[in-house]
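Before any comments, here is the structure.
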Amino acid sequence: MVDFPAEFVQLLTPDGVRTALADYDPWVADVTGEQLAAMYEDMIVVRRIDTEATALQRQGELGLWPPLLGQEAAQIGSARSLRSDDFVFSSYRENAVAYCRGVDYTDILRVWRGSAQSGWNPFEIGMASPAIIIGAQTLHATGWAMGAKFDGSDSVAITYFGDGATSEGDVNEAMVFAASFQVPVIFFCQNNQWAISEPVGLQAHRNIADRAPGFGIPSIRVDGNDVLAVMAATRIGLDRARNGGGPTFIEAVTYRMGPHTTADDPTKYRDVAELEAWRAKDPILRLQRLLDSMGLFTPELEAKTQAKADAVAAELRAGCIGMPDPAPLTVFDNVYATPHTTLDGQRAEYADYLASFDAADGSSS
Amino acid sequence: MVDFPAEFVQLLTPDGVRTALADYDPWVADVTGEQLAAMYEDMIVVRRIDTEATALQRQGELGLWPPLLGQEAAQIGSARSLRSDDFVFSSYRENAVAYCRGVDYTDILRVWRGSAQSGWNPFEIGMASPAIIIGAQTLHATGWAMGAKFDGSDSVAITYFGDGATSEGDVNEAMVFAASFQVPVIFFCQNNQWAISEPVGLQAHRNIADRAPGFGIPSIRVDGNDVLAVMAATRIGLDRARNGGGPTFIEAVTYRMGPHTTADDPTKYRDVAELEAWRAKDPILRLQRLLDSMGLFTPELEAKTQAKADAVAAELRAGCIGMPDPAPLTVFDNVYATPHTTLDGQRAEYADYLASFDAADGSSS
Amino acid sequence: MSITTLNPMTANAVRTPTTLTTPTTLTLAKSITAALRQSMADDPKVVLLGEDIGALGGVFRVTDGLLAEFGANRVIDTPLAESAIIGTAVGLAYRGYRPVCEIQFDGFIYPGFDQIVSQVAKLHYRTQGAVKMPITIRVPFGGGIGAAEHHSESPEAYFTHTSGLRVIAVSNPQDAYSMLRQAISSDDPVLYFEPKRRYHVKGEVSPVLGESMEKAVIITPGTDVTLVTYGPLVPTARDAALAAADEGVSVEVIDLRSLAPVDYATLEASVRKTGRLVITHEAVRSGGIGGEIVASITERCFNYLEAAPVRVTGWDIPYPAAKLESHHLPDLDRMLAGVDRVMGR
Amino acid sequence: MSITTLNPMTANAVRTPTTLTTPTTLTLAKSITAALRQSMADDPKVVLLGEDIGALGGVFRVTDGLLAEFGANRVIDTPLAESAIIGTAVGLAYRGYRPVCEIQFDGFIYPGFDQIVSQVAKLHYRTQGAVKMPITIRVPFGGGIGAAEHHSESPEAYFTHTSGLRVIAVSNPQDAYSMLRQAISSDDPVLYFEPKRRYHVKGEVSPVLGESMEKAVIITPGTDVTLVTYGPLVPTARDAALAAADEGVSVEVIDLRSLAPVDYATLEASVRKTGRLVITHEAVRSGGIGGEIVASITERCFNYLEAAPVRVTGWDIPYPAAKLESHHLPDLDRMLAGVDRVMGR
Ligand SMILES: Cc1ncc(C[n+]2csc(CCOP(=O)(O)OP(=O)(O)O)c2C)c(N)n1
Ligand SMILES: Cc1ncc(C[n+]2csc(CCOP(=O)(O)OP(=O)(O)O)c2C)c(N)n1
Ligand SMILES: [Mg+2]
Ligand SMILES: [Mg+2]
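Protein sequence lines correspond, in order, to chains A, B, C and D. Per this note's numbering, residue 1 is the first one in the first sequence, and the count goes up by one each step. Per this note's numbering, residue 366 is the first one in the second sequence, and the count goes up by one each step. Per this note's numbering, residue 731 is the first one in the third sequence, and the count goes up by one each step. Per this note's numbering, residue 1076 is the first one in the fourth sequence, and the count goes up by one each step.
In structure tokens:
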């Protein structure tokens, strides 16, 4: 008999107090103060990316932006646990994960500026093109993990999705396949309490972490605003996967502090009081408090972190504004990997059409 | 914390011994010897329908037949618990359920003879047109139950599906909706161990009944070859549903003793020993033994039951063979509920075409 | 797990519906709201299902206010699962309801495709007419809004190729109102396509059922070329006709309105008059509605055609990134080029 | 829960593959088996996924023996979930595999539609060419076998309208072999349609890649009428041409083979010669491939057409009950009637 995850895994209270939890402590025992400071920097930087991108959107430089505000610990704690040969299959909100994977900052914005449909080459950073179709990527991760198992590799796939996504058939089918084939995949659900305007209670009648055990997948319910707890949970999943133990499901309980996207107005559907309550559980604040209590939150750290954030934001803005528009005929590129007679005909048709304007302008060559 | 169903509910051993089970006994305490004998008759009759239909298929009178051999108790025990205002959403194998709903015997065969795509009017017997698309009907049942709840009715939807079906996204989405809206629906899974050639272990890494609690749906794992246990479980589910308690999931553990359909050859993929082991757990045999121990298995009962089975089989055969072929132009009927210009044009085109043969034959009127 | 006090599931009817009684100027989006409100007021069996349609009023605010007016048993915020939205609508139809499903964006209809194609479209036929499927599926469709992937698709041809469905697309506020009311009262399942980039177009809307939703309508009469379109491109086609007139070509613009069945009587009459057909849509060319219409008109009017019909459509590509969409979508200039081509100029 | 000893998941490779080396007479089904075997032998990244494809060898026995030959990591009996079959194939492709998915029957592809349309078809475009999707999706399709509902569908037009996919349909054992091998080696996703009612047709099969899978092939040369078809109707069309010859009409039969892209060069040359086009398919007429081809040929060959092209197709109905299917499916007589019509007789 498999148990539902009874406990809510927390290693760091909102006040920044490191609490002991016997089953989880060993998994983060090696984390040094320096590493904590590095994750603090990560979180400050990705929050800054978020702020900058939101500003760019307001200024008309981006079409849309999905903020991750509030979910920094969930994303940093998990992504910083991965190896470079692991592979990420995410949704649209995992910009902090992309950051950890070493993405070129500008690449994060290509999609939201409308310049391209994906920003980066998945194989360069070990992270697939994000899925906008809710839940679809969980099957891709499971398939990738099947391949990793066939290859005899100990690489692991991790898939990020939201609380809303758990209602989609695909996510459930992914759990069926992952359990049947016992493949190395981590289902990482960021339960940020909302799917646009729908509260998590509409999607799941019980805690989300309770879903997986019935599929034969052990699950962990973790404080998603506690970077250490998230790291411990992810490492447990990775370790299990690398050692042939199959899939793990992690529910990271967090909160979407911002709107769904810059197009959304959450005051239409949720109470400000709820946001205020979650502000007290801010993931960055509690790590800062811990660092402070360890004597590590120095003016130097603060300055260095701010400098990094400033530099990244500047690079991001410059990259965004400097991004060239794609050339018209690229609209036909890469539909197929090999030539396609019908499409080639259409490309020629459109090239002629465009050229007719040049001709009319007297600028034809 | 919800528990996985720990026990395997059995009220009648394979040897026909009535065992006590405190939580379940009260639910069948009212079942009289006469009612047991009636269910015995049901099972004999539906097994005979199965045999007759299989014979009709071998004789070329039916295109295909999906036998339910071995699953009589699961279907009779559950269907005999329903009220006429409850509604059944089934798959293709629930012929015994249709029998209990009062279907005209011939109607069971229309689909398999290829004369129609559904045999009966769903509203006349409170049973939807069976779904061949695996799992689709579980959503229909959930939707119907939403409607029943909106109507303030205490009618219940019950949906039948197989072990294989549990892998489909639709079935999982149905559980999400049923739990969220707390609607009166029973998910009745006949785990007959096989989905065509695939063993249940490929579909589900744990017992199937373990899946539902994680969705917030209480489940019962019942001996599907024990008509009393099935009845008890179904009545529990019905009672919960009628009293606003929402959905229930029942896994009836049974065995598909025959082929998947008459087109299938199970020796390609499963051990005969397995079949032999299940033969000892035959659902009819054990009820016969119980009746015997109660002094109710009399020669009269046997004779009466056989007579009824013979009569049903004869009616079935006559109905099958006497079934008229549909008229050619009915191919266009009922695509739409209201006239449709394009289709009406095609009907006219085909009528003219057919008439041209009559004309060529000199038989035009 | 927290359900906030604003959870639509706990909300109940509080306001009385205020329906349209006199001609009123409304946006296309608000005329859909008005039609929903009227249909719901008229028939208690009309229920709405969809993602974020409750407290939020839908991502396009089309259902704004309806939860408050009709309560959570009529305006049903569903979990995030399109197959279930359609599949439970089938069950509701079995129980006598008339569900109206909202698919949030065109590109999210595909997870519900099986339930639409295998169940909604076929159940009336399968049951020899015993079970009706009076389900309306509302789909905001088309591009031109600079959106991310999957938010600008034109999937209508998948449904016009599916027997058992009716498919309509609206182009103006009055049709949006009238045709939705007809769709909801229809005993057949209807795919109702809303041109999302025209949601803000305003027009006077009368609370009438108007012209049958199966009829095509001549928007601009003309004599030289028949220009057929639907949904978002109707205003563009009208402008193209004006521009063509300046160049001495008289273009008759037809708004198809119904994509399945197509009103061939109206199209045929026009093409017999003009002898020239151009059809334009955002959807990709191969397998699109344009080809079907070209084929059908060629079959019906072969001897009247003075030139090969011309299609002005999206290319055979996945919908491109926002910065490229203007190179995919037919615009006034491409329509005029199509008119020139069919005129042999 | 019992997993029997025959559970394919525990099986491992035991036999050595025996591939085709010389021309051999095979059924169409067995030539598919042979192509799978050869592709798997050639490339360890080729894996099969599907329901019942392991111990049973598929419901049509097409994968018979392959589990024993290649083991459970190459021949993967999957849980019963089509979206997952396609979706995990996408993940396998990300990892460098070339998955070949079997959809058990045409009517069961729709639960996988979203993954096909939104992921398989779009990922190469979306990633600007970084991610290849060398996925082959095998679909036994079409009617004529007296089957129950959902077992006789012709869904090909849904896929030819989907940019990013290639779609082919085979009609004979040699093509079944050669074109499947090409499909599996293609870096593009390919929908491979198998005419299930022709599985038992026999022919000599050489282990060659043969003519490009993108080319249409003239099966019967002729001069009066071009009769275009694909898949299961090819033999019928050939017979129709023979029958027409008896009546003095010379029919050129073209087997399309590739439905997307269509080999218009071959079609155009034929229609320029004959001036008359008939296209026949089992799929319903509206929105079918026939309309697309009629439109494209009209655009390309307008001045060569002597009559309106004619479509001989399934009606716009859901696939009917077995006893009625002969009234839905085009047969030799209906093809001849179409030939007569285009000949103006
Ligand atoms: C199949 C599909 N349906 C609907 C949408 C529209 N949509 C985009 S985001 C979203 C909510 C997702 O919520 P959740 O899974 O909790 O993720 P979060 O946005 O909270 O990170 C919806 C409904 C979509 N992208 N895909
Ligand atoms: C969506 C879909 N996929 C595949 C099939 C083909 N198929 C028919 S029955 C069956 C097995 C079903 O097994 P199970 O759910 O256990 O029901 P049982 O046949 O054992 O009653 C399969 C794969 C189908 N009918 N529908
Ligand atoms: Mg969320
Ligand atoms: Mg089964």
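The beta-carbon is built from N, C-alpha and C at its ideal position, and this holds for glycine as well.
For this session: Could you check which residue in B:N557, B:R571, B:F552, B:L593 has the C-alpha nearest to that of L656 of chain B?
Result: Closest by alpha carbon: B:L593.
Exercise. With distances taken between CB atoms, is the gap from D588 of chain B to V374 of chain B smaller than 8 Å?
Worked result: Yes, the pair counts as a contact, with Cβ atoms nearer than the cut-off.
For this session: Identify whether P266 of chain A lies in helix, strand or coil by the three-state DSSP scheme.
Result: P266 of chain A carries a helical assignment under DSSP once its states are collapsed to helix, strand and coil.
Problem set entry | V230 of chain A - containing beta strand (DSSP E), residue span | Taken as a continuous stretch (DSSP letters only), V230 of chain A belongs to no beta strand (DSSP E), being part of the alpha helix (DSSP H) at 227-242.
Exercise. In chain order, what residues of the same chain have a beta carbon less than 7 Å from the beta carbon of A819 of chain C, not counting five sequence neighbours either side?
Worked result: Only L779, P829, C831, I865 meet the Cβ criterion.
Exercise. Going along chain C, which residues have a C-beta under 9 Å from N486 of chain B?
Worked result: Taking the beta carbon of N486 of chain B as reference, the chain C residues within 9 Å of it are T857, Q858, A860, V861, listed in sequence order.
Exercise. Can A53 of chain A be considered in contact with ligand 1, in the sense that its beta carbon sits closer than 7 Å to one or more heavy atoms?
Worked result: Flag unset: Cβ of A53 of chain A not near ligand 1.
For this session: Could you tell me the boundaries of the beta strand (DSSP E) in which D1151 of chain D lies?
Result: It is worth fixing the name first, because residue 1151 of chain D is Ile in this sequence and not Asp. Per DSSP, the unbroken beta strand (DSSP E) holding I1151 of chain D starts and ends at 1150-1152.
Problem set entry | Within 7 Å of chain A by C-beta, residues of the stretch 538-552 of chain B in sequence order | Residues of the stretch 538-552 of chain B whose Cβ lies closer than 7 Å to any Cβ of chain A, in chain order: E538, V541, A544, S545.
Problem set entry | Minimum Cβ-Cβ distance from T1028 of chain C to chain D less than 8 Å | Yes, T1028 of chain C counts as interfacial toward chain D.
Problem set entry | Any C-beta of chain D under 8 Å from that of G1074 of chain C | Using a Cβ-Cβ cut-off of 8 Å, G1074 of chain C does not count as an interface residue toward chain D, since no Cβ of chain D sits closer than that to its own.
Exercise. Can you give the Cα-Cα distance for L21 of chain A and D30 of chain A, rounded to whole angstroms?
Worked result: Rounded to the nearest angstrom, the two C-alpha atoms are 15 Å apart.
For this session: Return yes when the C-beta of W194 of chain A is under 7 Å from any heavy atom of ligand 1, and no when it is not.
Result: The answer is yes for W194 of chain A.
For this session: Could you list which residues in chain B have their beta carbon closer than 9 Å to that of D917 of chain C, in chain order?
Result: For the C-beta of D917 of chain C, the chain B residues within less than 9 Å are, from N- to C-terminus, Y701, A702, T703.
For this session: Mark L1101 of chain D as exposed unless 16 or more other C-beta atoms lie within 10 angstroms of its C-beta, in which case mark it buried.
Result: Buried: at least 16 other Cβ atoms inside 10 Å.
Problem set entry | Entirely enclosed alpha helix (DSSP H) segments - the stretch 186-233 of chain A, minimum 4 residues | Counting whole runs of 4 or more residues, the stretch 186-233 of chain A contains the alpha helix (DSSP H) stretches 200-203.
Problem set entry | C-alpha distance - G70 of chain A paired with A233 of chain A, whole-angstrom precision | The alpha-carbon of G70 of chain A is positioned some 19 Å away from that of A233 of chain A.
Problem set entry | chain A residues whose Cβ lies nearer than 9 Å to that of P578 of chain B | Neighbours of P578 of chain B on chain A, chain order: F4, R206, D210, P213, G214.
Problem set entry | Test: S483 of chain B CB closer than 8 Å to a CB of chain C | Output row for S483 of chain B: interface = yes.
For this session: Indicate the three-state DSSP secondary structure (helix, strand or coil) for F790 of chain C in the structure shown.
Result: In this structure, F790 of chain C counts as coil in the three-state DSSP scheme.
Exercise. Is G1365 of chain D near ligand 2, in the sense that its beta carbon is under 7 Å from a heavy atom of that ligand?
Worked result: No - ligand 2 has no heavy atom lying nearer than 7 Å to the Cβ of G1365 of chain D.
For this session: Go ahead and label P1296 of chain D buried or exposed: buried means 16 or more other beta carbons lie within 10 angstroms of its beta carbon, across all protein chains shown.
Result: When all chains shown are included, P1296 of chain D counts as exposed.
For this session: Please report how far the alpha carbon of S365 of chain A lies from the alpha carbon of G164 of chain A, in whole angstroms.
Result: A caution first: S365 of chain A carries a pLDDT of 42, below 50, which makes its placement in the model unreliable, though a value can still be read off. Each residue's alpha carbon lies about 54 Å from the other.
Exercise. Using the rule of at least 16 other Cβ atoms within 10 Å of the residue's Cβ for burial, across every protein chain shown, is L810 of chain C buried or exposed?
Worked result: Burial call: buried.
Exercise. Is V1414 of chain D closer than 8 Å to V1353 of chain D when the C-beta atoms are compared?
Worked result: Contact flag set, yes.
Exercise. Is A887 of chain C buried or exposed, if buried means 16 or more other CB atoms sit within 10 Å of its CB?
Worked result: The residue is buried, with at least 16 neighbouring Cβ atoms inside 10 Å.
Problem set entry | Whole-angstrom distance between D1406 of chain D and S1114 of chain D, CA atom to CA atom | One C-alpha to the other measures close to 35 Å.
For this session: Provide the residue span of the beta strand (DSSP E) that contains F357 of chain A, from first to last.
Result: First-last for F357 of chain A: 341-360, but that is the alpha helix (DSSP H), not the beta strand (DSSP E).
Exercise. Does DSSP put L1380 of chain D in a helix, in a strand, or in coil?
Worked result: Coil, per DSSP.
For this session: Find the residues of chain A that neighbour G876 of chain C, judging by a C-beta separation of less than 7 Å, and give them in chain order.
Result: Within 7 Å Cβ-Cβ: G63, G114.
Problem set entry | Per-residue burial, V938 of chain C [other beta carbons within 10 Å of its own, 16 or more giving buried] | V938 of chain C should be labelled exposed.
For this session: Could you tell me which chain A residues have their CB closer than 9 Å to the CB of D535 of chain B, listed as they occur along the chain?
Result: Per Cβ cutoff of 9 Å: G169.
Exercise. Taking Cβ positions, are A1315 of chain D and N121 of chain A nearer each other than 8 Å?
Worked result: The answer is no: Cβ separation not under 8 Å.
Exercise. Using a Cβ-Cβ cut-off of 7 Å (strictly less than) and excluding sequence neighbours within five positions of G1363 of chain D, which residues of its own chain qualify?
Worked result: Within the same chain, G1363 of chain D has close Cβ partners A1232, H1356, T1388.
Problem set entry | Interface residues of the stretch 1227-1240 of chain D facing chain C [CB-CB below 7 Å] | Under the 7 Å Cβ criterion, the stretch 1227-1240 of chain D contributes A1232, Y1233, T1235, H1236, S1238, G1239.
Problem set entry | Contact residues within the stretch 839-851 of chain C, judged by C-beta distance below 7 Å to chain B | Across the stretch 839-851 of chain C, CB contacts with chain B closer than 7 Å involve D844, Q845, S848, Q849, in sequence order along the chain.
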